[in-house]
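Worksheet for the structure shown next.
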Amino acid sequence: MSVPDTGTAVGTLKFRNPLLLASGILGESAASMVRVYNSGAAGVVTKSIGSESRPGYRNPTVFEFGSGMLNAMGLPNPGIVDFGEVVRKTRASGVPTIASIFGSSPAEFAALAASMQEYGADAVELNLSCPHVEGFGAEIGSTPAMVGEVVKTVRDSVSLPIWAKMTPNVSDVAALAGAAEDAGADAIVAINTVKGMAISAKLRMPVLSHSVGGMSGRAVKYVGLRSVYEISGRCGLPVVGVGGISCGEDVAEYLMAGASAVQVGTAVSEGGPGVFGRIAGELSSFMSSEGFSSIREMVGIARR
Ligand code: SIN
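First residue of the sequence shown? That's 687 in our numbering, and the numbers climb one at a time after it.
What follows is the structure, given as structure tokens:
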């Protein structure tokens, strides 16, 4: 049997395979993003960038448990001005670059998106979903009205593709995605982390300095799959699946739920950038053994 075609597209953006680096891991420097691309990812999503630099929360910001991770970093970033060089260099190395941004208002998102467009990003990912930073993320992105307002304001300001990243910490994630679609988004990314916390019984206190954080990794895969399935049943936009992907069969499950591509985060922080080459090989083997010759044949097959 011939080698399956693992190329895919998210709207107008074409990728050599469906594996993208998720925001938050190795997305701070051009060197690390180029390394991720050279290790087999088809593209990268940068660290979430805001208007001003932020130091983030004090340690501890990460708690690892057997099947995943809890983090509350506090959106640390160098600010939009200093990040321009990172985006330019990453793009200049030929890496498809999706720039993640966070703002506290529709106008702030629009200004950040305009800067990322000027820097040459291939798309912007709107962080409407960080579950624990006051005034940002899910505090903006938990109602369809606000999601619609942010996306529409960004749409009116830039021509590059807009990806809207959804929070799973709501009762109807598909309604949020529908609002993003109606307002002019080009793709939906699902999911950001699941709000959670850890307590140290011995210390009698929360483990993370911020107490509450976001859960990622294998523990959240089934929340991600359900979210992608519901979103792709309600809206016609391409969906990018995120949450607990660590092997080729996980990718196949997301594609079958309706995703056209996926993002990998926690597995990279556990195993390094080399996980991309391994997962790509496993996906290709799965497709060969199951008789799929293209990604397109798998997308949404579990819905039919
Ligand atoms: C963080 O910076 O704490 C996480 C960002 C996010 O969840 O979007």
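Don't be surprised by glycine CBs; every beta carbon is placed ideally from N, CA and C. Please read all numbers here as calculations on a predicted model, not as lab measurements.
Between the CA atoms of residue j and residue i - distance to the nearest angstrom
| i | j | result |
| --- | --- | --- |
| E867 | C921 | 7 Å |
| A876 | Y915 | 10 Å |
| F795 | S979 | 40 Å |
| V985 | T692 | 12 Å |
| G729 | M901 | 23 Å |
| G742 | K733 | 13 Å |
| V772 | M802 | 11 Å |
| S843 | G870 | 12 Å |
| N855 | V767 | 31 Å |
Assigned exposure category for residue i - 16 Cβ within 10 Å defines buried
| i | result |
| --- | --- |
| Y805 | buried |
| S946 | buried |
| A717 | exposed |
| S886 | exposed |
| R989 | exposed |
| L889 | exposed |
| Y908 | exposed |
| S971 | exposed |
| G710 | buried |
Host beta strand (DSSP E) of residue i (start-end)
| i | result |
| --- | --- |
| N757 | G754 to N757 |
| N703 | It is not in any beta strand (DSSP E) - N703 carries neither H nor E in the DSSP assignment. |
| S786 | T783 to I787 |
Where the alpha helix (DSSP H) containing residue i begins and where it ends
| i | result |
| --- | --- |
| S974 | V961 to E976 |
| N724 | A716 to N724 |
CB contact flag (residue i, residue j, <9 Å)
| i | j | result |
| --- | --- | --- |
| F749 | G899 | yes |
| P847 | A863 | no |
| G713 | S786 | yes |
| R932 | G903 | The amino acid occupying residue 932 in the given sequence is Ser; Arg does not appear at that position. For S932 and G903, yes; Cβs fall inside 9 Å. |
| S895 | T776 | no |
| L812 | I735 | no |
| P817 | N878 | yes |
| V954 | A708 | yes |
Residue nearest to residue i in terms of C-alpha spacing, selected from the options
| i | options | result |
| --- | --- | --- |
| M883 | Q803, F751, A708 and V985 | F751 |
| G765 | Q803, F788 and L889 | F788 |
| L923 | P690, A695 and S688 | A695 |
| M832 | M719, G929 and A793 | A793 |
| S662 | T839, N757, V720 and G770 | Here the chain comprises residues numbered 687 to 990, so residue 662 is not present and cannot be evaluated. |
| V836 | L706, A865, D808 and A861 | A865 |
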